[in-house]
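**Q**
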Amino acid sequence: MFTGIIEEKGEVVAVEHAGGGARLSVRGPLVTSDARHGDSIAVNGVCLTVVEAADGVFTADVMRESLDRTSLGALSAGSAVNLERAVRADQRLGGHIVQGHVDGTAVLLSRDPGESWDDLRFSLPGTLSRYVAEKGSIAIDGISLTVTTVDDESFGVSLIPTTLRLTTMGERRVGDLVNLEVDVIAKYVERLVVRQ
């Protein structure tokens, strides 16, 4: 489990494709400082398992399913990525419950820079629209954000300077593909209600 509070911006060092999947090598000195084989690290919101970690770089195997259903398939050496280690039980939950299980992808539709924050609008896949609510939580590329507006086809978020500076969201351009994870509580509530 993760919180959606990005610990550092990392950089993809290498992507090696083999057997339909890929091995991803990512530089992230903070997240690798205590990383061990088998640990979980979210890369742009996708929970990956550490295969090895040394000298500030960790590697993870990415299966075809993850490459096809997330934006990880578009990464190459030099790509900036958001990184977060799995939350410890004794930590504060500063964002919201994020599983690292991407529900879909979206496209950045517009970016309106402001004096103190930027307003961004993203496409919203129809299969996910019922889980997104104004003032609700959503994870975009692993970042815990609050939805400011929503309709059946798109939603908006506002980003403070800290988020713009410390995550990849400050570099995103109109047309860029991002990973979405909706609030897991909404999915569980729906499942409970539908079963009754």
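Going by this note's numbering, 116 is the number at position 99 of the sequence shown; the sequence numbering is gapless. Using N, Cα and C, we set each Cβ at its ideal position, and we do this for glycine too.
How many angstroms separate the CA atom of Gln108 from the CA atom of Asp120?
**A** Gln108 and Asp120: Cα-Cα distance of roughly 25 Å.
**Q** Where do the N-terminal and C-terminal ends of the beta strand (DSSP E) with Leu65 fall, by residue?
**A** 63 to 71 is the span of the beta strand (DSSP E), which, as asked, contains Leu65.
**Q** Between Ile177 and the rest of its own chain, which residues show a CB-CB distance below 7 Å, the 5 nearest in sequence each way excluded?
**A** Counting only Cβ-Cβ distances below 7 Å, and skipping sequence neighbours, we find Trp134.
**Q** Cα separation between Thr144 and Ala123?
**A** Distance between the alpha carbons of Thr144 and Ala123: 12 Å.
**Q** I'd like to know whether the C-beta atoms of Thr76 and Arg102 end up nearer to each other than 7 Å.
**A** No, these two residues do not count as a Cβ contact at 7 Å.
**Q** Thinking C-beta only, is Gly21 closer than 7 Å to His113?
**A** Taking 7 Å as the Cβ cut-off, His113 and Gly21 qualify as a contacting pair.
**Q** Would DSSP call Ile202 helix, strand or coil?
**A** Looking at Ile202 - three-state DSSP - the assignment turns out to be helix.
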